[in-house]
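Inspection log for the structure reproduced underneath, given as structure tokens.
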Amino acid sequence: MNWITNAFLSLFYLGVFGPESSEQHARLLEPPSRASMWRVGFPNPRDEDDNQGYCGGFGVQYHKNNGKCGICGDRWDDEPRQHEAPHGIFANGLITRRYKQGYIIPVVVDVTANHNGHFEFKLCPNDNIFRDPTQACFDQFPLRTSEGYKYPIFGSDGIGYQQLYVELPLTVTCEQCILQWTYVAGNNWGTCDNGTSGVGCGPQEHFRSCADIQIQPRPLLTQFLKPNGDSSSVELSAKDNLGFDRNVFPEDQEAALRRKKLYLQTILAKVKEMILVTEQSESKNDQDLGMEKGLEKMREEELQEKIFAPANDHQNDLDYGPVDNDAAHWDDGDPNPWWAKIISNKH
């Protein structure tokens, strides 16, 4: 009977929550993603659906594309994928943030509706703004958060601006890296790894976005890593939010957490300010454009009035000189009607 129960519950959850939830949306705002950078003033085309990079939806991703998704949230079978180079209209090689190698960087994700799940962050040192890599490049560099490689999103706390830190690798520098954010939802019913069934198990809907960043070298760190090999296993708690070793700059752990939280709040406030400035600028441009169009319309109407207005009748003001009485009459003395028309200018 278990399979009957599981089947019933699967249909129930599909009916209630739906495999392609239209409410569950999210966007990467910090660092500004290819889809959302226009919101904070970057000269990139507007993507009004920047919170819908969901791989085409659950059905498309799993039933048509075998679980595959574009590296930046486009449908796998899209051609071209609009958020990927070389042909995507939103992939223009704009570097939105510059960091130092090994730094712990602030991240802001705007979640408009939450159905549990978790965030994942990965990095690809691409160094080619004209062609994007495959997913295999990202899979080599998973990035850690304070909660490990999967940052959980649960309950009402998962709605709105999510602020967190992500640790960049100590050994990676690049002119152009692509930071990939993926939101793996957890609201669908499926089969768990242990054979049981439940919500959050099995295939889940994905949201994804990309940000083009630059990671600059830190000479002293580079020199230190050369003789010591890869030191990327340094724990997140061993650094402050600027990437310095706490052994060099000792501080109380509680004070460090407060400072990190304050720094995230500052970053979020700046993101909101940039969004507001961009919206106000666009609103003013729309108003100016509206006024300009209004003036153009008035000028056009005025011109039309001048072109099609009836001419003033000044015929009575014309001086034709003295009337030739001989031409005004026929030889027999009768009035000449044609001459009368010529004089009156009505022919």
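Quick note on numbering: the sequence shown equals residues -18 to -1, 1 to 329 in mature numbering (1 follows the signal peptide of the UniProt record, and there is no 0). Glycine is no exception: its CB is placed at the ideal position from the N, C-alpha and C atoms.
Item                                                                                                                                                                   : Value
Report the residue from Q145, Y44, Q117 and D121 whose alpha carbon sits nearest the alpha carbon of E129.                                                             : Q145
Start and end of the beta strand (DSSP E) containing C192?                                                                                                             : H188 to Q198
What does the alpha-carbon distance come out to for the pair Q122 and L105?                                                                                            : 8 Å
Rounded to whole angstroms, what's the CA-CA distance from S3 to A73? Just pull it up for me.                                                                          : Low per-residue confidence applies at S3: pLDDT is 43, beneath 50, and the placement is therefore not dependable, though the value from the model is reported in the following sentence. Their Cα atoms are separated by approximately 27 Å.
Please list, in chain order, all residues of the same chain as F24 whose beta carbon is under 8 Å from its beta carbon, the five residues on each side excluded.       : P14, L76 and T78
Relative to the C-alpha of D32, which residue among K82, D92 and F40 is closest?                                                                                       : D92
For my contact list, N110 and C159 are in at a C-beta cut-off of 8 Å; report their separation, rounded to the angstrom.                                                : About 11 Å; that fails the 8 Å criterion.
Would the beta-carbon of E102 fall within 7 Å of that of R126?                                                                                                         : no
Which value, in whole angstroms, describes the spacing of the CA atoms of N169 and Q269?                                                                               : 43 Å
My parser needs the alpha helix (DSSP H) runs of 4 or more residues fully inside the region 60 to 134; what are they?                                                  : 117 to 121
For Y44, which residues in the same chain have their Cβ closer than 6 Å to its Cβ, ignoring the five residues on either side in sequence?                              : P185
Residues in its own chain within less than 6 Å of P134 by CB, not counting five upstream and five downstream?                                                          : H100
Which two residues bound the contiguous beta strand (DSSP E) that contains Y165?                                                                                       : C156 to V166
For a test of the three-state rule: what should DSSP assign to S179, helix, strand or coil?                                                                            : strand
Enumerate in chain order the residues of its own chain whose CB-to-CB distance from C183 is below 7 Å, with the five nearest sequence positions on each side excluded. : G172, T173 and C174
Could you give the first and the last residue of the continuous beta strand (DSSP E) run that contains T173?                                                           : W171 to T173
Going along the chain, which residues of its own chain have a beta-carbon closer than 6 Å to the beta-carbon of T189, five neighbours each way excluded?               : Note that residue 189 is Phe in the sequence shown here, rather than Thr. Excluding sequence neighbours, F189 sits near A8, G35, Y36 and Y165.
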